[in-house]
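Participant:
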Amino acid sequence: MASQRLSKLRTKGRRGFILGNTLIAFMIAMYLVPLCMACIAPLRGIMEFRRDVQDEISAMQLRRLLLVSDDIEITGDYLVFTYQQRNMELSQGGHHVTMKPGTQIYFTETDGCRFECAEGVLEIVYERDHQEYRKVLAKMP
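Residue numbers for the sequence shown follow the numbering used here, beginning at 1304 and rising by one.
1) DSSP three-state call for S1372: helix, strand or coil?
2) If we require 3 or more residues per run, which beta strand (DSSP E) segments fall completely within the region 1398 to 1423?
3) Measuring alpha carbon to alpha carbon, tell me which of S1372, T1385 and R1417 ends up nearest V1400.
4) Helix, strand or coil for M1443? Go by DSSP, reduced to three states.
5) What number of angstroms, rounded off, separates the C-alpha of V1424 from the C-alpha of I1408?
6) Less than 7 Å between the C-beta atoms of H1398 and E1412, yes or no?
7) Considering G1348, what are the terminal residues of the alpha helix (DSSP H) in which it resides?
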């Protein structure tokens, strides 16, 4: 009998124990969520994809490629040149500026692309989000 009373007292004291611990854990989590968000907020700028940096990298790659290429010609919206005895073509394909044969993507998410040669300088002019960008690619002979 005494053992039954003792076991009832033990279980009676534990009934609210799980609920209390759950509420405390929930309150701690609610205080930590805004703190974590405040710590992560400055990192948003670092984690964004910067198109301007990617465009500069693409322009540098094309400059190096065209520097060692021969017979550079603008044909309509295409730039045709010879690289390592292979005819290459740079043009707008879908929403990217690509080089063929093969598929090497240089400028992404573009709405249009054309090549211009003014005063002996070859430029790529591409449009993105209703804004026009120009990058110098090579000096034409």
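Cβ coordinates follow ideal geometry from the N, Cα and C atoms, glycine included.
Facilitator: Quick look at the numbers:
1) coil
2) 1399 to 1403, 1407 to 1411 and 1415 to 1421
3) R1417
4) In the structure shown, M1443 adopts coil according to DSSP, grouped into three states.
5) 23 Å
6) Yes, the pair counts as a contact, with Cβ atoms nearer than the cut-off.
7) R1347 to M1350
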